[in-house]
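Colleague:
There are 2 protein chains.
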Amino acid sequence: MPAALPLTQPDAALAACCSPVTAGIVSDEAATTLARMFKALGDPTRVKLLSLIAASAGGEACVCDLTDPAGLSQPTISHHMKVLADAGLITREQRGKWAYFSLAPQVLGSLAGALTPTAG
Amino acid sequence: MPAALPLTQPDAALAACCSPVTAGIVSDEAATTLARMFKALGDPTRVKLLSLIAASAGGEACVCDLTDPAGLSQPTISHHMKVLADAGLITREQRGKWAYFSLAPQVLGSLAGALTPTAG
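Chains A and B supply the protein sequences, listed in that same order. For this note's numbering, add 226 to where a residue sits in the first sequence, where the first one is 1. For this note's numbering, add 226 to where a residue sits in the second sequence, where the first one is 1.
Below is the structure:
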């Protein structure tokens, strides 16, 4: 059974635009926004880092927490964190020497919603 | 409130692996599979084409249906269709001269599930 795909503007707070459209052709602007987020996720290291943040105590992690489980250097992890943060998928909070990263559940939820097939 | 992210193996049929894990660290293999799918979506043209297929009558479209709304040549669309099909996001059915493409709702649903935040 074919299904319609609600490829919607993923995050009103980011894009200041558009109610969800549950099945329709996305605008060029929405396609660009969505593709930017998907592209940030299109790297196995970043998928893994996202899951490591999700699994961390309190749902947040600093780069210092991630070097061991990821097996990567701090500069490498910082680079990937910047890509994820620039795409709006994680948030960053400076606390003393370290920045702590958390998932952005609303953005991730909206992105998931854009992929969720609906009855066509 | 931080949320845990069920970055799970997205499609058992594709990967022959793993029950969903609702919050945990993804394996390297699962991260690679997920990243490959996200990478295929990391292009505005492919996001748009996916939504055009979803919005097509019967939930399927041939390349010939997509040239006008996408404003692209048939070879360009065929290239993008191949990337989406190779990632498992759409399926292809040859009918006479033309191949018809449909969304793969289970794969898309699983990918959405991998992004859906759960209470941490």
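Just so you know, even glycine gets a beta-carbon here, dropped at the ideal spot from N, CA and C. Fair warning: this is a prediction, and the values are worked out from it, not measured in the lab.
1. What residues of chain A sit near residue 327/B, judged by a beta carbon separation below 9 Å?
2. Sorry if obvious, but does the Cβ on residue 343/A come closer than 7 Å to a heavy atom of the ligand ADP?
3. 8 Å is my cut-off, CB to CB: does residue 277/B come that close to chain A?
4. Once DSSP output is grouped into helix, strand and coil, what is the label at residue 251/A?
5. Tell me, please, whether the CB atom of residue 301/A is closer than 8 Å to any CB atom in chain B?
6. List the DSSP bridge partners of residue 328/A.
7. Quick check on DSSP: helix, strand or coil for residue 292/B?
8. Along chain A, which residues have their Cβ under 9 Å away from the Cβ of residue 254/B?
9. Locate the alpha helix (DSSP H) running through residue 269/B, then write down its first and last residues.
10. Could you check where the alpha helix (DSSP H) with residue 302/B kicks off and where it finishes?
11. Have a look at residue 251/A and residue 319/B and give me their C-alpha separation to the nearest angstrom.
12. Between the Cα of residue 329/B and those of 296/A, 342/A, 282/A, spot the shortest distance and give me the residue it belongs to.
13. Name the chain A residues whose beta carbon is nearer than 9 Å to that of residue 338/B?
14. Since residue 258/A contacts residue 270/B with CB under 8 Å, what's their CB separation in whole angstroms?
15. Using only the alpha-carbon positions, how far apart do residue 307/B and residue 277/B sit?
16. Does residue 265/B have its Cβ less than 8 Å from a Cβ in chain A?
17. Taking the straight line between their C-alpha atoms, what separation do you get for residue 303/B and residue 309/B?
18. For residue 324/A, I'd like the list of residues in its chain whose CB is within less than 8 Å of its CB, leaving aside the five on either flank, ordered along the chain.
19. If you reduce the DSSP assignment to three classes, tell me which class residue 335/A lands in.
20. Give me the chain B residues within the contact set of residue 251/A, using Cβ-Cβ distance strictly less than 9 Å, ordered along the chain.
21. I need the straight-line Cα distance from residue 332/A to residue 338/A, nearest angstrom please.
Modeller: On the basis of the supplied data:
1. On the second sequence, position 101 is the one that residue 327/B refers to. Result: empty, since nearest Cβ-Cβ is about 10 Å, beyond 9 Å.
2. For the structure depicted, the ligand ADP is absent and the ligand set is empty, with no information on it obtainable.
3. Walking along the second sequence from the start, residue 277/B turns up at place 51. Proximity of residue 277/B to chain A, defined by a Cβ-Cβ separation below 8 Å, is satisfied.
4. Your numbering for residue 251/A matches position 25 in the first sequence. Look at residue 251/A here: in three-state DSSP terms it is coil, with no helix or strand label.
5. Indexing the first sequence from 1 puts residue 301/A at position 75. It does not; no Cβ of chain B falls within 8 Å.
6. Residue mapping note: residue 328/A aligns to position 102 of the first sequence, counting from 1. The partner list for residue 328/A (beta bridge, DSSP) reads 286/A, 317/A.
7. Reading the second sequence from its first residue, position 66 is the one you call residue 292/B. Of the three classes helix, strand and coil, the one that applies to residue 292/B here is helix, per DSSP.
8. Counting from one through the second sequence, the residue named residue 254/B turns up at place 28. For residue 254/B, the C-beta contacts it makes with chain A under 9 Å involve 270, 274, in order along the chain.
9. In the second sequence, residue 269/B corresponds to position 43, counting from 1. Segment: none, residue 269/B is in no alpha helix (DSSP H) and carries neither H nor E.
10. Walking along the second sequence from the start, residue 302/B turns up at place 76. It spans 300 to 312 - the alpha helix (DSSP H) in which residue 302/B sits, taken as one unbroken run.
11. Mapped onto the first sequence, residue 251/A falls at position 25. Mapped onto the second sequence, residue 319/B falls at position 93. The straight-line gap from Cα to Cα measures roughly 22 Å.
12. Locating residue 329/B in the second sequence gives position 103, counting from the first residue. Distance from the Cα of residue 329/B is smallest, within the candidate group 296/A, 342/A, 282/A, for 342/A.
13. Indexing the second sequence from 1 puts residue 338/B at position 112. At a beta-carbon threshold of 9 Å, the residues of chain A lying near residue 338/B are 337, 338, 339, 340, 341, 342, 343, ordered along the chain.
14. Here residue 258/A refers to the residue found at position 32 when the first sequence is read from its first residue. Here residue 270/B refers to the residue found at position 44 when the second sequence is read from its first residue. Right, the Cβ-Cβ distance comes to about 5 Å (below 8 Å), so this counts as a contact.
15. Along the second sequence, read from residue 1 onward, the residue named residue 307/B stands at position 81. Along the second sequence, read from residue 1 onward, the residue named residue 277/B stands at position 51. Distance between the alpha carbons of residue 307/B and residue 277/B is about 12 Å.
16. Residue numbering aside, residue 265/B sits at position 39 when the second sequence is read from its first letter. Yes, contact with chain A.
17. Here residue 303/B refers to the residue found at position 77 when the second sequence is read from its first residue. Here residue 309/B refers to the residue found at position 83 when the second sequence is read from its first residue. Pairing residue 303/B with residue 309/B, the inter-Cα distance amounts to about 10 Å.
18. As a working note, residue 324/A is residue 98 in the first sequence. By the criterion of a C-beta distance shorter than 8 Å, residue 324/A is surrounded in its chain by 288, 289, 290, once the five residues flanking it on both sides are discounted.
19. Along the first sequence, one-based indexing puts residue 335/A at 109. In this structure, DSSP gives residue 335/A a helical state, which the three-state scheme calls helix.
20. Numbered from its first residue, the first sequence carries residue 251/A at position 25. For residue 251/A, the chain B residues whose C-beta falls within less than 9 Å of its own C-beta are 274, 277, 278, 280, 281, 295, listed in chain order.
21. In the first sequence, residue 332/A corresponds to position 106, counting from 1. In the first sequence, residue 338/A corresponds to position 112, counting from 1. Each residue's Cα considered, the two are about 10 Å apart.
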